[in-house]
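Count along the sequence shown from 1, then add 3; that gives the number in the numbering used here.
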Amino acid sequence: MKVSLPKKRAYSLDELPEYLAKTYQLDLSYDDLIVYARENKLRTCIRLEGNAKGLYSVGRIKLDEQNLIPVCYPPTSVFFNSTVKKSFLPNDLHLEDANAILGARVSLVDSIYKEIQQGNLDYNSAIMKAKTNINEFIEQSFIFPKYEYQLLLMPEKFSFVFSANFYLPRDVYNTSTSLLNDHIISIDFADDSFYLLENTNKENIFINLAISTGIVRPIGVHFKDIEILHSDLMRFLGISDETKNNVEELRKEIDDLKSELVEKETQITRLKQQLDERNLPIMLSEFMENDRLALAIQARKKYWSNYNPDLDNAPKADATAKEIQDTYNLSQKQAQAIEIVACPINRK
């Protein structure tokens, strides 16, 4: 049974050379891919996860609570369309697509406490004024009109978590050769190029992530945690989706033709068996062009196909032999012999 697996959304940098060699017969080394990434011809990304305290996960590396990568809140914001908004609880916000996830909620206790901190000492009044619905912080998107809504992430107002793939700046590949030989990239989040990062596939969710560049330890990330999206790989290879679809259609057509060929071969084998069972002559025209027996069979089909004994319309022997002689450049005796074999009746 042929099993069809789902198409991969992305490929790790670690597996890419083998995949390219197997699928596209391209011989590209890790060094080649690093050069392309450094020149920004091949876009790479990494999974980042964070919350109000900062980034706590880089690829598969979970950071200690004391070593979280700080994020600037604000200006870090989320822009989104209603198609990715999912409701789990009435006052919560949950956004999700194939590449990004964000969840946000307002704590009732924290919201009331903040109202009291701001000088509203009347408990009932604090409850009335406290914002307890995350939707109250969502605004229409004016900065990026392609999105319907925007949410400025404010840790002092509500809690949130996010997880998404973000494109890596090409400068991360200007690293030591020894690390590259070990399939490791040193990512320095203190570099200014990390101040604003964009998540991949921003069609419906755009996380504008502003990392607080400063004193942050560089993190060594293995090639297995660095990904190339399928769409970015196709763009790098110069293969359009239309071309890819055509390739799939051609492969299907080839498979269909192979199936038809097997069926035809089965039919040919069956017909050969039927011919053998009918004791038909063998080796017709196999060793000579004008096989006399084959010519006799052709002559019977040609001259006797309309024969009706009631009409007495049998072809004349001499005329038939003469025509056979002229057609196949035979001697008179050979033509007469063929005519005799072809004749299905007993001439008087």
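Idealized CB from N, CA, C, for every residue including glycine.
Coarse secondary structure for residue i, derived from DSSP in three states
i	result
residue 220	coil
residue 82	strand
residue 18	coil
residue 324	helix
residue 146	coil
residue 3	In the structure as shown, the chain starts at 4 and stops at 351, and residue 3 therefore has no counterpart that could be examined.
residue 3	An answer regarding residue 3 cannot be provided, because it is not within the stretch 4 to 351 covered by the chain.
residue 264	helix
residue 181	helix
residue 410	The chain is shown only over 4 to 351; residue 410 falls outside these bounds and no answer can be derived.
residue 310	coil
residue 296	helix
residue 253	helix
residue 3	Outside the displayed range of the chain (4 to 351) lies residue 3, so it cannot be described from this structure.
residue 348	coil
residue 275	helix
residue 302	helix
residue 315	coil
Cross-strand partners of residue i (DSSP beta bridge)
i	result
residue 13	232
residue 163	107
Per-residue burial, residue i [other beta carbons within 10 Å of its own, 16 or more giving buried]
i	result
residue 69	exposed
residue 147	exposed
residue 205	buried
residue 235	buried
residue 23	buried
residue 165	buried
residue 76	buried
residue 272	exposed
residue 290	exposed
residue 209	buried
residue 241	exposed
residue 50	buried
residue 61	buried
residue 309	exposed
residue 353	There is simply no residue 353 to check, as the chain begins at 4 and stops at 351 in what is shown.
Whole-number beta carbon distance between residue j and residue i, since they are thought to touch under 8 Å
i	j	result
residue 193	residue 175	Actually they are not in contact, since the Cβ atoms of residue 193 and residue 175 sit about 12 Å apart, beyond 8 Å.
residue 103	residue 167	4 Å
Unbroken beta strand (DSSP E) runs of length 3 or more, entirely within the segment 186-243: which are they? 187-190, 208-212, 222-225, 230-232
Could you pull out every unbroken alpha helix (DSSP H) segment of at least 4 residues lying fully inside the segment 26-107, listed in chain order? 33-41
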